[in-house]
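> Structure incoming, see below.
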Amino acid sequence: MNLFIVELQKILSRRIVWIGVTVIVSFMALWMWESIVAAEDTVVDGVRYRGLEAIRKDREIARAWEGPLTAEKLFKILDTYGIAGYETDGELVRREGNWVSRYATNLLTDYRNREAPGTVRMLSGEALETEEERIARNPSYFCYTQNMDFLYEAAFSMNLLLLVLIAVTLAPVFAQEHQALTAPVLLTCAKGVRETAFAKCAAALAFAEGIYLLANGTLLGAYFMIYGTDGLRATNLCGIGAGIGFASLTNGQLWGINLAWGAFGMCLMCALTLFFSAKLRQSFLSLSAALACLAGGIASFYVFPVLFGFAGLRVLFRLAGLCSPFPMMLAASTGAAAMPVTAGVVLWLLISCAAGIRRYWRPA
Amino acid sequence: MLELKLDRVTKRFGTKIAVDAFDHVLSEGVYGLLGANGAGKTTLMRMLCSLLSPDGGEIRFQGERIGEMGARYRRILGYLPQEFGFYPEFTAERYLTYLARLKAVPPRLLPEKLDEIWELTGLADVRKQKLRSFSGGMLRRLGIGQAVLNDPDVLILDEPTSGLDPKERIRFRNIISSLGKDRIVLLSTHIVQDVEFIADEILLLKDGRLKASGTPAEVMQKARGHVWKCLVDEGWAGRLEERWPVSNLKTVGDQVCLRIVSAEKPVPDAAACEPNLEDAYLFFMQEAENGREKQGIAQNAPAGRRG
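Protein chains in written order, with the working numbering: chain A, 383 to 746; chain B, 1016 to 1322.
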């Protein structure tokens, strides 16, 4: 009998795991379908396509224009398809054109700063020069990236939910052994101390990373099935890459960094929860402590950078935010340069948690 | 020859002394640790299992401190806690297999070992059942099964018969009796009959202190001359009960037959009788109580009158 398997089964036998996974995946699937796929529409040769058909048409058109993004290319796109205007009824109700023409329209017209509804005009004079200069300064690779920004936000929200699920699921790992009075027998077994603690930690980590990969894999897989993988070749995802010093990376590479950092975040959340579980010996207290850390992390993204302006302090407050899953939010305020520091702090925290577990899960 | 030596072992919880300078050497055999609730039995046993560390004194197995032995000590230890926790979703077989893995039982020996346990505990027919369906008695038997899984040299059983019906208790006593060979078995209980027939030596614990020890016969011998039997009316019975420990009380017609533990003859027509272990237990507990009262009186007396 493999101790790792037994401990993993103990974790997976908790009903909350499967309820949580079902809720998260269902919520994401519904959100993706309702907010994205069902709302897709495009106009090609005067014919309006909707849903998956619209996506297929847009991808075909975008492939013909794939390559380095230049102002000349955007002008050509507008020459070919015209400006993508819109219809309004107080709110935007329908956008004209296809994905490519909308992209060019967004950059080279006053679409984003329009004053008169229903009319979109080409930029001119200084405004146009500024935009051309910005495009030249930030070399980008153009291809179909429809809704990748939504995917980013969806993944961020989902991973926050996963962090909560990890805390809920793993808070009982050590605490439950004390509460169910099984700890005395385990702690008087030859391999009940070190090996058990190691098996519990390994199983908890496998669970946290497994569920993270499963959920993100499902989300990304669903996106790629619907929108294809063309967008991974683009650079400057939603303009965020350049903002944090990753301008030269493709979206695929940025997602790779995101996922790796997210896995790091899950690992830390797992370690913190296990530490509290071993120390506090009560599931509810352990869960509360772990969620307090997560709340601190979330606050560090949204509250502290606003309250405390200078970078050094923000990096300090980032300590609490290390549980959060994505580096881009982190780097948006501290910059990519802070990543090695934060990675170092995460490692230090992981080692501290491991030492804490070793200290508190043992006989006298 | 196995030897587990407790040398002035002391444990405090805040200001309360749970175990006070406990001295004894345990060798192969069954030891019955007797004491009232709160006497310090569980604390002592948890120290023997290395779940608690003593605040004073030391515990040595074969001359080596158990705290320093770590996993080597746990390898030869079997423990059944007073409150035995289990995993409701596990079957009995899975539970024992899991603990066998933790107790470092070699996998090749496991099937044979499990067969022995099923035979010992009588749980063979229910080994595939989930533990949530087990009765209290079945769980206690499973508990002792896990405790002996690694064939321990030191077997600690903390109140193993509490909550069991008489039939289960007898069955349990028989199991423990069969385990007493070639190992140290320490069994705590506050039910005197549990140890009367199976213990080679009895340790009487009161307020964390060892009050008496010896074979059941020796312990009973020490109470000889202090156990009386008398027949009195109900009014007297109440007064006698208030004054001395009564180990048995039985109504006979309109009178009451009392068995009294006392250093002096309680009533003129009381007859001395042979003590049993319950009498001896009461005798030593009462003696400790008296000693403490005397000590209290001496401490409360004005300084000028002392000595």
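Backbone N, C-alpha and C fix where the C-beta goes; we use that ideal spot for every residue, glycine too. Because the structure is a prediction, the values reported are computed rather than measured.
Measure the C-alpha to C-alpha separation of glycine 1323 of chain B and leucine 732 of chain A and round it to an integer number of angstroms.
As shown, chain B starts at 1016 and ends at 1322. That puts residue 1323 of chain B outside it, with no answer to give.
> Could you tell me which chain A residues have their CB closer than 9 Å to the CB of leucine 1117 of chain B, listed as they occur along the chain?
Locating residue 1117 of chain B in the second sequence gives position 102, counting from the first residue. Per Cβ cutoff of 9 Å: Leu385, Val567, Leu568, Cys571, Ala572, Lys573, Gly574, Glu577, Thr578.
> Under 8 Å, do threonine 1230 of chain B and aspartate 1209 of chain B count as touching if we go by C-beta distance?
Translated into positions along the second sequence, residue 1230 of chain B becomes position 215. Translated into positions along the second sequence, residue 1209 of chain B becomes position 194. Cβ atoms of threonine 1230 of chain B and aspartate 1209 of chain B: not closer than 8 Å.
> If we ignore side chains and look at the alpha-carbon of each, how far apart do arginine 1090 of chain B and threonine 578 of chain A end up?
Here the question's residue 1090 of chain B lines up with position 75 in the second sequence. Here the question's residue 578 of chain A lines up with position 196 in the first sequence. C-alpha separation (whole angstroms): 15 Å.
> In whole angstroms, what separates the C-alpha of glycine 610 of chain A from that of threonine 724 of chain A?
Against the first sequence, residue 610 of chain A aligns to sequence position 228. Against the first sequence, residue 724 of chain A aligns to sequence position 342. If I take the Cα positions, the gap works out to 33 Å.
> What's the call for aspartate 1222 of chain B, buried or exposed, on a 16-neighbour Cβ count within 10 Å?
The sequence position of residue 1222 of chain B within the second sequence is 207, counting from 1. Aspartate 1222 of chain B comes out buried.
> List, in chain order, every chain A residue whose beta-carbon is nearer than 8 Å to that of glutamine 1161 of chain B.
Locating residue 1161 of chain B in the second sequence gives position 146, counting from the first residue. What glutamine 1161 of chain B touches in chain A: Val567.
> For valine 388 of chain A, does the three-state DSSP call read helix, strand or coil?
Here residue 388 of chain A refers to the residue found at position 6 of the first sequence. Correct three-state label for valine 388 of chain A: helix.
> Alanine 444 of chain A lies in the alpha helix (DSSP H); which residues open and close that run?
Numbered from its first residue, the first sequence carries residue 444 of chain A at position 62. Run containing alanine 444 of chain A: 433-446, per the alpha helix (DSSP H) assignment.
> Return helix, strand or coil for alanine 714 of chain A, following the three-state DSSP convention.
Locating residue 714 of chain A in the first sequence gives position 332, where the first residue counts as 1. Any reading at alanine 714 of chain A is ruled out, since the residue's pLDDT is 42, under 50, leaving its predicted position unreliable.
> Would you say serine 1065 of chain B reaches chain A, if we count a Cβ-Cβ gap shorter than 8 Å as a contact?
Within the second sequence, the letter at position 50 stands for residue 1065 of chain B. Interface residue, yes.
> Please confirm whether glycine 1178 of chain B has its beta-carbon closer than 8 Å to some beta-carbon of chain A.
The sequence position of residue 1178 of chain B within the second sequence is 163, counting from 1. Not an interface residue.
> Quick one: list the residues of chain B neighbouring valine 388 of chain A, beta-carbon separation under 7 Å, in chain order.
Your numbering for residue 388 of chain A matches position 6 in the first sequence. Here the neighbours are Tyr1113.
> Would you call the region 1168-1186 of chain B and the region 1050-1062 of chain B touching, i.e. three or more CB-CB distances under 8 Å?
Pairwise C-beta distances place the region 1168-1186 of chain B in contact with the region 1050-1062 of chain B, as three or more of them are shorter than 8 Å.
> Glutamine 664 of chain A and alanine 557 of chain A: beta carbons closer than 8 Å?
As a first step, residue 664 of chain A must be located in the first sequence, where it is residue number 282. As a first step, residue 557 of chain A must be located in the first sequence, where it is residue number 175. Yes, the Cβ-Cβ distance between glutamine 664 of chain A and alanine 557 of chain A is below 8 Å.
> With 7 Å as the C-beta to C-beta threshold (strictly closer), list the residues of the region 1085-1098 of chain B near chain A in chain order.
Legend: CB atoms of the region 1085-1098 of chain B lying less than 7 Å from CB atoms of chain A belong to residues Ala1086, Arg1089, Arg1090, Leu1092, Tyr1094, Pro1096, Glu1098.
> Closest to leucine 434 of chain A by C-alpha separation, out of A:Ile443, A:Glu422, A:Ala444, would be which residue?
The sequence position of residue 434 of chain A within the first sequence is 52, counting from 1. Of A:Ile443, A:Glu422, A:Ala444, the residue nearest in Cα terms is A:Glu422.
> Under 9 Å between beta-carbons, which chain B residues line up against threonine 564 of chain A? List them in chain order, please.
On the first sequence, residue 564 of chain A is found 182 positions in, with the first residue counted as 1. The answer, in chain order, is Phe1099, Gly1100, Phe1101, Tyr1102.
> To the nearest angstrom, how far is it from the Cα of leucine 1264 of chain B to the Cα of lysine 573 of chain A?
Mapped onto the second sequence, residue 1264 of chain B falls at position 249. Mapped onto the first sequence, residue 573 of chain A falls at position 191. Rounded to whole angstroms, leucine 1264 of chain B to lysine 573 of chain A spans 51 Å at the Cα level.
> Looking at leucine 1005 of chain B: is its Cβ nearer than 8 Å to the Cβ of phenylalanine 1105 of chain B?
The structure shown does not extend to residue 1005 of chain B, since chain B is modelled only from 1016 through 1322, so no value can be given for it.
> Is the Cβ of proline 745 of chain A closer than 8 Å to any Cβ of chain B?
To locate residue 745 of chain A, count along the first sequence from 1; it is residue 363. Under the Cβ criterion of 8 Å, proline 745 of chain A is counted among the residues facing chain B.
> Looking only at its own chain, which residues have a Cβ that is under 7 Å from the Cβ of threonine 1030 of chain B, when we skip the five neighbours before and after it?
What you label residue 1030 of chain B is simply residue 15 of the second sequence in a count that begins at 1. No residues qualify anywhere along the chain.
> In this structure, how does DSSP classify asparagine 529 of chain A when only helix, strand and coil are distinguished?
Within the first sequence, numbered from 1, the residue matching residue 529 of chain A stands at position 147. Under the three-state reduction of DSSP, asparagine 529 of chain A is assigned to coil, being neither helix nor strand.
> Roughly how many angstroms lie between the CA atoms of glycine 1253 of chain B and leucine 1273 of chain B, to the nearest whole one?
For the purposes of this step, residue 1253 of chain B is taken as the residue at position 238 of the second sequence. For the purposes of this step, residue 1273 of chain B is taken as the residue at position 258 of the second sequence. Our two residues, glycine 1253 of chain B and leucine 1273 of chain B, have alpha carbons roughly 10 Å apart in a direct line.
> Flag this pair as yes or no: are the beta carbons of threonine 1136 of chain B and methionine 383 of chain A separated by less than 8 Å?
Counting from 1 along the second sequence, the entry for residue 1136 of chain B is found at position 121. Counting from 1 along the first sequence, the entry for residue 383 of chain A is found at position 1. No, Cβ-Cβ distance for threonine 1136 of chain B and methionine 383 of chain A is not below 8 Å.
> Going by alpha carbons, who is nearest to proline 1290 of chain B out of B:Cys1245, B:Gln1270, B:Val1271, B:Lys1237?
Walking along the second sequence from the start, residue 1290 of chain B turns up at place 275. Ranking the options by Cα distance to proline 1290 of chain B, first place goes to B:Lys1237.
> What residues of chain B sit near serine 395 of chain A, judged by a beta carbon separation below 7 Å?
The residue you call residue 395 of chain A lines up with position 13 of the first sequence. Within 7 Å Cβ-Cβ: Glu1104.
> In or out: glycine 1078 of chain B buried (at least 16 other Cβ within 10 Å) or exposed?
Numbered from its first residue, the second sequence carries residue 1078 of chain B at position 63. Looking at its Cβ environment, which holds fewer than 16 other Cβ atoms inside 10 Å, glycine 1078 of chain B is exposed.
> Would you give the residue range spanned by the alpha helix (DSSP H) that valine 555 of chain A belongs to?
Residue mapping note: residue 555 of chain A aligns to position 173 of the first sequence, counting from 1. Where valine 555 of chain A is concerned, the enclosing alpha helix (DSSP H) stretches over 554-561.
> DSSP state of lysine 1031 of chain B, grouped into three classes?
Residue mapping note: residue 1031 of chain B aligns to position 16 of the second sequence, counting from 1. Residue state for lysine 1031 of chain B is assigned as strand, using DSSP reduced to three classes.
> Should tryptophan 730 of chain A go down as buried or exposed, given a rule of 16 or more other Cβ atoms within 10 Å for buried?
As a position in the first sequence, residue 730 of chain A is number 348, starting the count at 1. With a 10 Å radius around the Cβ and a threshold of 16 neighbouring Cβ atoms, tryptophan 730 of chain A comes out exposed.
> If you follow the alpha helix (DSSP H) that cysteine 1245 of chain B is part of, which residue opens it and which one closes it?
Start at 1 with the first residue of the second sequence, and residue 1245 of chain B comes out as number 230. Residue range 1242-1248 is occupied by the beta strand (DSSP E) that includes cysteine 1245 of chain B, with no alpha helix (DSSP H) assigned at that position.
> Please state whether DSSP places leucine 1225 of chain B in a helix, a strand or coil.
Your numbering for residue 1225 of chain B matches position 210 in the second sequence. Strand.
> Where DSSP assigns a beta bridge to alanine 1287 of chain B, which residues make up the other side?
Position 272 of the second sequence, counting from 1, holds the residue named residue 1287 of chain B. Looking at the DSSP assignment, alanine 1287 of chain B forms a beta bridge with B:Trp1243.
> Can you pull the DSSP bridge partners for lysine 1265 of chain B?
Taking the first residue of the second sequence as 1, we reach residue 1265 of chain B at position 250. BP columns for lysine 1265 of chain B point to B:Cys1272.
> Nearest CA to the CA of valine 1267 of chain B: which residue from B:Glu1249, B:Val1276, B:Leu1255?
For the purposes of this step, residue 1267 of chain B is taken as residue 252 along the second sequence, with counting starting at 1. The shortest C-alpha separation from valine 1267 of chain B is found at B:Glu1249.
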